[in-house]
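This note's numbering runs 222 ahead of the 1-based position in the sequence shown. Think of the CB as a built atom: it goes at the ideal place given N, C-alpha and C, for glycine as much as any other residue. Read the structure below first, then the notes.
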Amino acid sequence: MKKQLAILGSTGSIGKQTLDVVRANPERFEVYALTAHRSIDLLVEQVQEFRPEVVCIADESLLEPLRSRLEGLDCKVWGGAEAIAEMVSLPSIDVVVAAMVGYAGLKPTIEAIKAGKTIALANKETLVVAGEIISRLAIEHHTPILPVDSEHSAIFQSLVGEGNNEIEKILLTASGGPFRHHSLEQLQHVTAAEALKHPNWDMGAKITIDSAGMMNKGFEVIEAKWLFDVPYDKIEVLIHPQSIVHSAVQFRDGAVKAQLGAPDMHLPIQFALTFPERVESRFPRLDLFETANLSFEKPDLKRFRNLQLAYDAIERGGNMPCVLNAANEVANLAFRQDKCGFLEMSDIIADTMAKTTYIQKPTYEDYVATDKEARQIALEGLKKV
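Now the structure itself:
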């Protein structure tokens with residue numbers, strides 16, 4: 223039986239590469255549902271090729287134009303965030319690929335977990351915002367969450383077969399982005415165009431900016447805590463410019479297991495979709511004879527303050543990681559729109575964390591309210607920079 227996939231965010235970087243994996247394995251996968259935020263042209267092309275049963279556009283203002291363009295194709299066309307959350311519960315779906323960007327991915331992921339779907343998780347904000355709720359629901363509904371991020375996939379692969387062997391430390395690698403050697407003075411003047419030129423990875427704009435400022439790695443620390451049930455102070459970030467060692471696990475006997483590969487997302491996506499089986503692929507291979515020397519260094523938390531803010535958020539716990547995410551989404555977009563500077567993003571986030579109402583034991587409704595409050599505070603802070 224072919225696995226029936228729902229791909230949330232099919233027009234984004236992860237979504238497009240997931241469809242590459244489907245193309246390469248037509249005997250294993252079928253696309254049952256596709257969603258996009260606004261990218262109608264590409265979504266129409268994907269629907270014409272993969273013929274899903276359901277198509278959903280998050281921006282409801284584009285629902286009728288999408289229906290018009292898909293007229294004659296045998297598929298249901300829905301619109302809005304509520305429709306996406308409803309769609310993931312459809313009984314025919316086996317795997318939900320959660321590749322929507324940002325806070326928007328939280329509700330559909332929760333609904334997919336409640337429906338018992340296997341989750342291939344690429345939306346790290348889901349665990350950043352509400353890791354405690356997601357972890358509890360996954361246990362209650364016996365729902366597997368398989369990581370798609372290359373770093374978390376590497377950790378997961380390093381843990382396969384280790385049973386209950388104690389983890390001493392998780393070694394989470396980061397490329398360092400395009401500004402690894404920039405001084406604080408230089409960072410004050412970098413532009414969004416420069417930040418979008420990642421040296422190793424091809425990612426969407428929001429994630430690329432997060433990577434340049436190390437917020438992406440901060441999110442991954444929080445995500446790793448929930449995925450692998452490891453205290454945050456046992457998760458160490460290493461700058462690894464070559465992006466060959468995707469991450470590693472150190473066990474209590476001192477042994478370190480790492481997963482290496484080319485800087486390409488197809489392998490971790492395919493592994494999440496086919497686990498526990500490894501299937502043949504034609505995606506890029508790592509050639510160790512052509513690989514440069516591998517180097518590692520400690521991150522500078524003064525120059526890349528976002529990583530420290532992420533550690534601060536997870537140390538305080540409660541709704542603070544939700545505040546961190548909301549403020550970052552506002553600041554990240556503002557930087558891309560030339561409304562604030564690179565270092566000012568951290569100022570906005572820190573100010574929002576200081577001013578937003580703190581809740582030690584938040585419910586889902588608290589997270590929704592926190593997200594709204596933090597965004598408003600961040601927008602007010604943006605006016606002052």
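Buried versus exposed, by CB contacts within 10 Å (16 or more), residue i
| i | result |
| --- | --- |
| Arg507 | exposed |
| Ala612 | In the structure displayed, the chain extends from 223 to 607; residue 612 sits before or after that span and is not available. |
| Arg273 | exposed |
| Lys415 | Residue identity check: residue 415 is Ala in the sequence provided, not Lys. It counts as exposed. |
| Glu384 | exposed |
| Gly338 | exposed |
| Ala514 | exposed |
| Lys419 | exposed |
| Gly294 | exposed |
| Tyr586 | exposed |
| Asp371 | buried |
| Val501 | exposed |
| Phe564 | buried |
| Thr579 | exposed |
| Leu227 | buried |
| Pro369 | buried |
| Arg527 | buried |
| Arg597 | buried |
| Phe518 | exposed |
| Lys447 | buried |
| Met437 | buried |
| Ile461 | buried |
| Leu241 | buried |
| Gln239 | buried |
| Ser290 | exposed |
| Gln582 | exposed |
| Glu347 | buried |
Per-residue DSSP class, three states only, for residue i
| i | result |
| --- | --- |
| Leu564 | Checking the sequence, you will find Phe at residue 564 rather than Leu. Of the three classes helix, strand and coil, the one that applies to Phe564 here is helix, per DSSP. |
| Tyr586 | helix |
| Val552 | helix |
| Glu388 | coil |
| Glu249 | coil |
| Lys606 | coil |
| Thr574 | helix |
| Lys225 | strand |
| Thr413 | coil |
| Thr257 | strand |
| Thr395 | strand |
| Ile444 | helix |
| Pro369 | strand |
| Leu406 | helix |
| Leu230 | strand |
| Asn547 | helix |
| Val243 | helix |
| Lys419 | coil |
| Val382 | coil |
| Asn541 | coil |
| Gln559 | coil |
| Thr592 | helix |
| Gly237 | helix |
| Thr579 | coil |
Nearest candidate by alpha-carbon position, reference residue i, set the options
| i | options | result |
| --- | --- | --- |
| Leu523 | Glu551, Glu458 and Ala576 | Glu458 |
| Ala477 | Leu368, Val467, Ser380 and Ala337 | Ser380 |
| Leu230 | Arg525, Ser261 and Met223 | Ser261 |
| Gly234 | Thr585, Ala532, Asp263 and Ala535 | Asp263 |
| His411 | Arg245, Val501, Met567 and Gln226 | Met567 |
| Val310 | Pro287, Asn387, Glu293 and Cys278 | Cys278 |
| Val244 | Thr496, Ile570 and Ile581 | Thr496 |
| Asp593 | Lys329, Ile389, Glu286 and Lys336 | Lys329 |
| Gly399 | Lys391, Glu390, Ile392 and Leu409 | Leu409 |
| Val269 | Val299, Val452 and Arg504 | Val299 |
| Thr546 | Glu537, Glu512, Leu531 and Asp560 | The residue asked about is misnamed: residue 546 is Leu in this sequence, not Thr. Of Glu537, Glu512, Leu531 and Asp560, the residue nearest in Cα terms is Leu531. |
| Glu267 | Glu249, Val351 and Ser232 | Ser232 |
| Ala600 | Asp569, Gln582, Val590 and Ala591 | Asp569 |
| Glu249 | Glu407, Lys225 and Glu347 | Lys225 |
| Ser375 | His363, Ala360, His364 and Leu393 | Leu393 |
| Tyr254 | Val318, Pro584, Tyr454 and Ile389 | Val318 |
| Glu499 | Asn386, Asp560, Val382 and Met487 | Val382 |
| Thr395 | Ser465, Cys562, Ala549 and Ala303 | Ser465 |
| Leu489 | Phe511, Ala480 and Phe505 | Phe505 |
| Asp281 | His259, Pro287 and Leu265 | His259 |
| Ile536 | Leu604, Ala494, Lys520 and Phe441 | Phe441 |
Residue-level contact to chain B via CB, residue i, 9 Å cutoff
| i | result |
| --- | --- |
| Asn345 | Of the protein chains in the structure, only one exists, and it is not chain B. |
TODO: Would you check if there are 3 or more beta carbon pairs closer than 8 Å linking the region 424-438 to the region 551-560?
DONE: Flag = yes, the region 424-438 and the region 551-560 touch.
TODO: Can you check the region 274-361 for any alpha helix (DSSP H) of at least 4 residues that lies completely inside it and give the ranges in chain order?
DONE: Complete alpha helix (DSSP H) runs here, min 4: 285-291, 303-309 and 328-336.
Task: In chain order, each alpha helix (DSSP H) run of at least 4 residues that lies wholly inside the region 447-525 - done: 488-496, all fully within the region 447-525.
Open item on the list: Check whether the region 459-470 and the region 355-367 are in contact - that is, three or more C-beta pairs closer than 8 Å.
Closed with: No, the region 459-470 does not touch the region 355-367.
Task: the region 568-588 in contact with the region 537-547 per 3-pair CB rule at 8 Å - done: Taking a cut-off of 8 Å on C-beta distances, the region 568-588 touches the region 537-547, as three or more cross pairs fall below it.
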